[in-house]
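K.L.:
Listed in order, the protein sequences are those of chains W and R. Quick note on numbering: the first sequence equals residues 457 to 803 in our numbering. Quick note on numbering: the second sequence equals residues 457 to 803 in our numbering. Cβ coordinates follow ideal geometry from the N, Cα and C atoms, glycine included. Okay, here's the structure, questions in a sec.
2 protein chains.
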Amino acid sequence: MIEDKNQARTSLSELGEFGLINHLTKNFKMQHKSTIKGVGDDAAVLNIENKQVLVTTDLLIEGVHFDLSYMPLKHLGYKAVIVNLSDIYAMNGTASQITVSIAVSNRFPVEALEELYEGIFLACKTYKIDLVGGDTTSSTKGLLINITAIGEVNKEDVVYRNSAKPNDLLVVSGDLGAAYLGLQVLEREKKVFEVNPNSQPDLSEYSYLIERQLKPEARKDIIKLLKDLEVKPTAMIDISDGLSSEILHICKQSKVGCNLYEEKIPLDPQVISTCEEFDLNSTTIALSGGEEYELLFTISQEDFPKIKGNPHLTVIGHITDESLGANLVTRAGQQIKLTAQGWNALS
Amino acid sequence: MIEDKNQARTSLSELGEFGLINHLTKNFKMQHKSTIKGVGDDAAVLNIENKQVLVTTDLLIEGVHFDLSYMPLKHLGYKAVIVNLSDIYAMNGTASQITVSIAVSNRFPVEALEELYEGIFLACKTYKIDLVGGDTTSSTKGLLINITAIGEVNKEDVVYRNSAKPNDLLVVSGDLGAAYLGLQVLEREKKVFEVNPNSQPDLSEYSYLIERQLKPEARKDIIKLLKDLEVKPTAMIDISDGLSSEILHICKQSKVGCNLYEEKIPLDPQVISTCEEFDLNSTTIALSGGEEYELLFTISQEDFPKIKGNPHLTVIGHITDESLGANLVTRAGQQIKLTAQGWNALS
Chain W
457 MIEDKNQART
467 SLSELGEFGL
477 INHLTKNFKM
487 QHKSTIKGVG
497 DDAAVLNIEN
507 KQVLVTTDLL
517 IEGVHFDLSY
527 MPLKHLGYKA
537 VIVNLSDIYA
547 MNGTASQITV
557 SIAVSNRFPV
567 EALEELYEGI
577 FLACKTYKID
587 LVGGDTTSST
597 KGLLINITAI
607 GEVNKEDVVY
617 RNSAKPNDLL
627 VVSGDLGAAY
637 LGLQVLEREK
647 KVFEVNPNSQ
657 PDLSEYSYLI
667 ERQLKPEARK
677 DIIKLLKDLE
687 VKPTAMIDIS
697 DGLSSEILHI
707 CKQSKVGCNL
717 YEEKIPLDPQ
727 VISTCEEFDL
737 NSTTIALSGG
747 EEYELLFTIS
757 QEDFPKIKGN
767 PHLTVIGHIT
777 DESLGANLVT
787 RAGQQIKLTA
797 QGWNALS
Chain R
457 MIEDKNQART
467 SLSELGEFGL
477 INHLTKNFKM
487 QHKSTIKGVG
497 DDAAVLNIEN
507 KQVLVTTDLL
517 IEGVHFDLSY
527 MPLKHLGYKA
537 VIVNLSDIYA
547 MNGTASQITV
557 SIAVSNRFPV
567 EALEELYEGI
577 FLACKTYKID
587 LVGGDTTSST
597 KGLLINITAI
607 GEVNKEDVVY
617 RNSAKPNDLL
627 VVSGDLGAAY
637 LGLQVLEREK
647 KVFEVNPNSQ
657 PDLSEYSYLI
667 ERQLKPEARK
677 DIIKLLKDLE
687 VKPTAMIDIS
697 DGLSSEILHI
707 CKQSKVGCNL
717 YEEKIPLDPQ
727 VISTCEEFDL
737 NSTTIALSGG
747 EEYELLFTIS
757 QEDFPKIKGN
767 PHLTVIGHIT
777 DESLGANLVT
787 RAGQQIKLTA
797 QGWNALS
């Protein structure tokens, strides 16, 4: 956080835990009829009738998952919600509620948490999500956010990772590599700023990359699109750790192999030009860059006509027998074994 | 953590995030028929039929909520689960699943996390809970655990905090003040140990207090007991921040007052003798000591015969009109306004 010493500052201990939760959530209106009781009791009460319940959780830690020197708190709040919703959509479900646990050191005034919650609420509004609970406490160092998302799905609609079949097509939404490059651009500008705090960077040519890093979206629209097209994926996962890592999850859990075609991987022009500028291989970036929150899924070949030509979806390969392994087929026609080089939060 | 340099140490980065989760959860068997899919996909899938879903979450941070110099990791894992289950029982529900998010600095070897998970699994086994998801990552400092618990409850059985009525009786399970005193004893022994690492403390006369601090239980048995007795509380909350703070929550949310009788507050003999030793007022300790995880509830007067004489339950007061406020009636018959002096995680 680039601190502005002139900002109004209210210390967290002035409000206390209950005061803080009340203060932050008082204007938030519930939107889901399934939310019977949100914040304010020992537990939230939800009424999810005739559907299966989906639960996912994700932990973001300052200095590990984000850097407040270029991640504005409002964006961080937004992104922390998106990361979780993406997991619900990846089950072919509808996200409906979240709980938010936050720990902050006392260097953060109440106003900083308000900014963070502005982002959380914006994501809730955009994706029609109710904030139904959480925990707010102090930390000995930095900021951390743990969000748990709840969703619902018809029993017959749920899509797992372990059900891809040989000959299925491998499909990805959107394009890849931008979020990772956005981070590289921001890291470079941070270094420039550290050397010369008066520099006024022109980041307009990286606008798409930076937006993908700072304000990613979850592909709720793709879940709706697939429903409208009457396509039920045979397996699905969201791309949080990199295309290559996610493909390997599907292959391992479904006990299949696959061929991924390098020339088919969708790349935005900004990704291509920035890879050239940074002297990076765009295929490597697309394979290993995380935090995309695109959906990767497999469909039966007979569904191909339904998605053919759709600008949001790209067929990037096909599923094969397990014995053939998971391979990248390069532009030169060479087969290379896919390896997960995705981001490892423990390394 | 009192580190044993001779222990086997496997670094976290050797396993990586997916390897670690697999390693820690591989022997865990699902017990609930409502758990359709646990760890291993984007989200857990639960089938909670014809019931309302309960969700609660709690964040525990090293140096704020626990001190590893006297809290063994196995106990910490156990307690982190209990804290959440207690919130589900406080809604008159049945806890069924948890997700566990953990962040650890690299000073913790895999073996330390195994100990932590041993405690988590023991609590799961004891309370019949499925571990269905989570997140494991590195932290820049210390250990933190965020658990979210999922439960279920029949629509007509759920008990909120906001439905106590004048003339209802105020009832508490178990006895109070022991967990707080256990912490005082452990803090004192830590100081002795720092001065003289060879001291061999005899803590047998504090065994109940220490057990209440290090290995608390959630009152699943009380929920069953109340069902068996055909008593549905009119309002309920669990005691995590202190009796006084919880009574005020019920009074504020139910828009009622209450009289709490000092002479009725249940105290264990170890609490009384240790308060004398530490020169503490046992009523103050019972009112303000947190982490009890007992249930505090109100019942209609006509249900009194059903609970009368039950050794697990004590009537400690009654609900009055809001205009009369929330009061402690001392042994001398004096009325004192109740104030929340419970623990504030943000102070």
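#1: Check whether the Cβ atoms of T550 of chain R and V609 of chain R lie closer than 8 angstroms to each other.
#2: Could you name the residues of chain R that Q487 of chain W contacts, counting a contact when the two beta carbons are closer than 7 angstroms?
#3: Counting Cβ pairs, one atom from each stretch, are 3 or more of them under 8 angstroms apart for the segment 527-535 of chain W and the segment 557-573 of chain W?
#4: Answer yes if the segment 583-598 of chain R comes into contact with the segment 488-500 of chain R, meaning at least three C-beta pairs across the two stretches below 8 angstroms, and no otherwise.
#5: Grouping DSSP H, G and I as helix and E and B as strand, with all else coil, what is S619 of chain W?
#6: Anything in chain R within Cβ reach of S619 of chain W, meaning under 8 angstroms, just list it in chain order.
#7: Let's test the definition: count the other Cβ atoms within 10 Å of the Cβ of I458 of chain W and tell me whether it reaches 16, buried, or not, exposed.
#8: Beta-carbon within less than 7 angstroms of F649 of chain W's beta-carbon, same chain only, minus the 5 sequence neighbours each way: which residues are those?
#9: Less than 8 angstroms between the CB atoms is what I'm expecting for L471 of chain W and H479 of chain W, so what's the real figure, rounded?
#10: Alpha carbon to alpha carbon, how far is D658 of chain W from G789 of chain W? Give it in angstroms, no decimals.
#11: Report yes if the CB atom of I772 of chain R is closer than 8 angstroms to the CB atom of K708 of chain R, and no otherwise.
#12: Do V509 of chain R and I504 of chain W have their C-beta atoms closer together than 8 angstroms?
#13: Going by other Cβ atoms of all chains shown within 10 Å of its Cβ, with 16 needed for buried, is N548 of chain R buried or exposed?
#14: Just list the residues that DSSP pairs N715 of chain R with in beta bridges.
#15: Give the straight-line distance between the Cα atoms of S803 of chain R and H705 of chain R, rounded to the nearest whole angstrom.
#16: Would you identify the three-state DSSP class for A551 of chain W, choosing helix, strand or coil?
#17: State the beta-bridge partners of I585 of chain R as determined by DSSP.
#18: With a CB to CB cut of under 6 angstroms and the five nearest residues on each side skipped, what residues in its chain are close to T795 of chain W?
#19: Does the segment 735-745 of chain R come into contact with the segment 628-646 of chain R, if we say contact requires no fewer than three beta-carbon pairs (one atom in each stretch) closer than 8 angstroms?
#20: Short check: CB of S701 of chain R to CB of I517 of chain W, under 8 angstroms?
#21: By alpha-carbon positions, which one of R:L769, R:T481, R:V501, R:L599 ends up nearest to S490 of chain R?
#22: Hey, could you find the ends of the beta strand (DSSP E) S629 of chain R is sitting in?
#23: Mind checking the segment 555-578 of chain W against chain R and listing, in chain order, the residues whose C-beta falls within less than 7 angstroms of any C-beta there?
#24: In chain order, what residues of the same chain have a beta carbon less than 6 angstroms from the beta carbon of S525 of chain R, not counting five sequence neighbours either side?
#25: If you count every other CB in all the chains shown that lies within 10 Å of the CB of L670 of chain W, and 16 or more means buried, which is it?
#26: Between E612 of chain R and K688 of chain R, what straight-line distance do the alpha-carbon atoms span, to the nearest angstrom?
#27: For N503 of chain W, go through chain R and note every residue whose CB falls closer than 7 angstroms to its CB, in chain order.
#28: Should P672 of chain R go down as buried or exposed, given a rule of 16 or more other Cβ atoms within 10 Å for buried?
#29: Any idea what DSSP makes of Q656 of chain W, helix, strand or coil?
#30: Where does D684 of chain W fall in DSSP's three states?
#31: Near T466 of chain W, what residues of its chain come up, given a Cβ to Cβ distance below 7 angstroms and the 5 sequence neighbours on each side ignored?
#32: When DSSP labels each residue in this structure, what does F734 of chain W get in the three-state scheme?
#33: S756 of chain R and D624 of chain R: beta carbons closer than 8 angstroms?
#34: Along chain W, which residues have their Cβ under 9 angstroms away from the Cβ of T754 of chain R?
#35: On a Cα-Cα basis, can you pick out the residue from R:S629, R:K597, R:D523, R:I693 that is closest to V520 of chain W?
#36: My output table needs one value for N462 of chain W: the three-state DSSP class, helix, strand or coil.
P.N.:
According to the data block:
#1: Here residue 550 of chain R is taken as the residue at index 94 of the second sequence, counted from 1. Here residue 609 of chain R is taken as the residue at index 153 of the second sequence, counted from 1. Yes, they are a contact pair.
#2: For the purposes of this step, residue 487 of chain W is identified with residue 31 of the first sequence, where counting begins at 1. Those do not exist, as Q487 of chain W stays about 17 angstroms from chain R at its closest Cβ, beyond 7 angstroms.
#3: yes
#4: Verdict: yes, contact present.
#5: Position 163 of the first sequence, counting from 1, holds the residue named residue 619 of chain W. The answer is coil: DSSP assigns S619 of chain W none of H, G, I, E or B.
#6: For the purposes of this step, residue 619 of chain W is taken as the residue at position 163 of the first sequence. Near S619 of chain W there are no residues of chain R at all, since even the closest Cβ is about 11 angstroms away, more than 8 angstroms.
#7: The count along the first sequence starts at 1 and reaches residue 458 of chain W at position 2. At I458 of chain W the pLDDT is 42, less than 50, meaning the model places this residue with poor confidence and gives no usable figure here.
#8: Here residue 649 of chain W is taken as the residue at index 193 of the first sequence, counted from 1. Same-chain partners within the cutoff: S655.
#9: Against the first sequence, residue 471 of chain W aligns to sequence position 15. Against the first sequence, residue 479 of chain W aligns to sequence position 23. About 6 angstroms; that satisfies the 8 angstroms criterion.
#10: Within the first sequence, numbered from 1, the residue matching residue 789 of chain W stands at position 333. Within the first sequence, numbered from 1, the residue matching residue 658 of chain W stands at position 202. Taking the straight line from one Cα to the other gives about 39 angstroms.
#11: Numbered from its first residue, the second sequence carries residue 772 of chain R at position 316. Numbered from its first residue, the second sequence carries residue 708 of chain R at position 252. Not in contact: I772 of chain R and K708 of chain R (Cβ atoms no closer than 8 angstroms).
#12: As a working mapping, residue 509 of chain R is identified with position 53 in the second sequence. As a working mapping, residue 504 of chain W is identified with position 48 in the first sequence. Yes, they are a contact pair.
#13: In the second sequence, the residue the question calls residue 548 of chain R occupies position 92. The residue is buried, with at least 16 neighbouring Cβ atoms inside 10 Å.
#14: Residue mapping note: residue 715 of chain R aligns to position 259 of the second sequence, counting from 1. Note: N715 of chain R sits in a beta bridge opposite R:H774, R:N783.
#15: Residue numbering aside, residue 803 of chain R sits at position 347 when the second sequence is read from its first letter. Residue numbering aside, residue 705 of chain R sits at position 249 when the second sequence is read from its first letter. Because the pLDDT at S803 of chain R is just 46, under 50, the model does not fix this residue reliably, and the point stays unresolved.
#16: For the purposes of this step, residue 551 of chain W is taken as the residue at position 95 of the first sequence. If DSSP states are grouped into helix, strand and coil, A551 of chain W belongs with the strands.
#17: By one-based count along the second sequence, residue 585 of chain R stands at place 129. DSSP, once it has assigned bridges, lists no residue as partnering I585 of chain R.
#18: Along the first sequence, read from residue 1 onward, the residue named residue 795 of chain W stands at position 339. Take T795 of chain W, set aside five residues on each side of it, and no residue of its chain has a beta-carbon closer than 6 angstroms to its own.
#19: yes
#20: Locating residue 701 of chain R in the second sequence gives position 245, where the first residue counts as 1. Locating residue 517 of chain W in the first sequence gives position 61, where the first residue counts as 1. In this structure, I517 of chain W does not lie closer than 8 angstroms to S701 of chain R by Cβ.
#21: Locating residue 490 of chain R in the second sequence gives position 34, where the first residue counts as 1. The option with the nearest alpha carbon to S490 of chain R is R:V501.
#22: What you label residue 629 of chain R is simply residue 173 of the second sequence in a count that begins at 1. That run of the beta strand (DSSP E) goes 625-629.
#23: T555, S557, A559
#24: In the second sequence, residue 525 of chain R corresponds to position 69, counting from 1. If we look at S525 of chain R and ignore the five residues flanking it on each side, its Cβ neighbours are K646.
#25: If you number the first sequence from 1, residue 670 of chain W lands on position 214. Label assigned to L670 of chain W: buried.
#26: Against the second sequence, residue 612 of chain R aligns to sequence position 156. Against the second sequence, residue 688 of chain R aligns to sequence position 232. E612 of chain R and K688 of chain R have their C-alpha atoms some 10 angstroms from each other.
#27: On the first sequence, position 47 is the one that residue 503 of chain W refers to. Those within 7 angstroms of N503 of chain W in chain R are Q508.
#28: Position 216 of the second sequence, counted from the first residue, corresponds to residue 672 of chain R. Counting Cβ neighbours within 10 Å, P672 of chain R comes out buried, since at least 16 surround it.
#29: Position 200 of the first sequence holds residue 656 of chain W. Reduced to three states, the DSSP call for Q656 of chain W is coil.
#30: The residue labelled residue 684 of chain W in the question sits at position 228 within the first sequence. Looking at D684 of chain W - three-state DSSP - the assignment turns out to be helix.
#31: On the first sequence, position 10 is the one that residue 466 of chain W refers to. Within the same chain, T466 of chain W has close Cβ partners P565, V566, E567.
#32: In the first sequence, counting from the first residue as 1, residue 734 of chain W sits at position 278. DSSP places F734 of chain W in the helix class (H, G or I) of the three-state scheme.
#33: Reading the second sequence from its first residue, position 300 is the one you call residue 756 of chain R. Reading the second sequence from its first residue, position 168 is the one you call residue 624 of chain R. The answer is yes: Cβ separation under 8 angstroms.
#34: Taking the second sequence and counting its residues from 1, one reaches residue 754 of chain R at position 298. Within chain W, not a single residue places a beta-carbon under 9 angstroms from that of T754 of chain R; the smallest gap is close to 14 angstroms.
#35: The residue given as residue 520 of chain W occupies position 64 in the first sequence. Considering only alpha carbons, the answer is R:K597.
#36: By 1-based counting over the first sequence, the position of residue 462 of chain W is 6. Here N462 of chain W scores only 49 on pLDDT, less than 50, and its place in the model is too uncertain to base an answer on.
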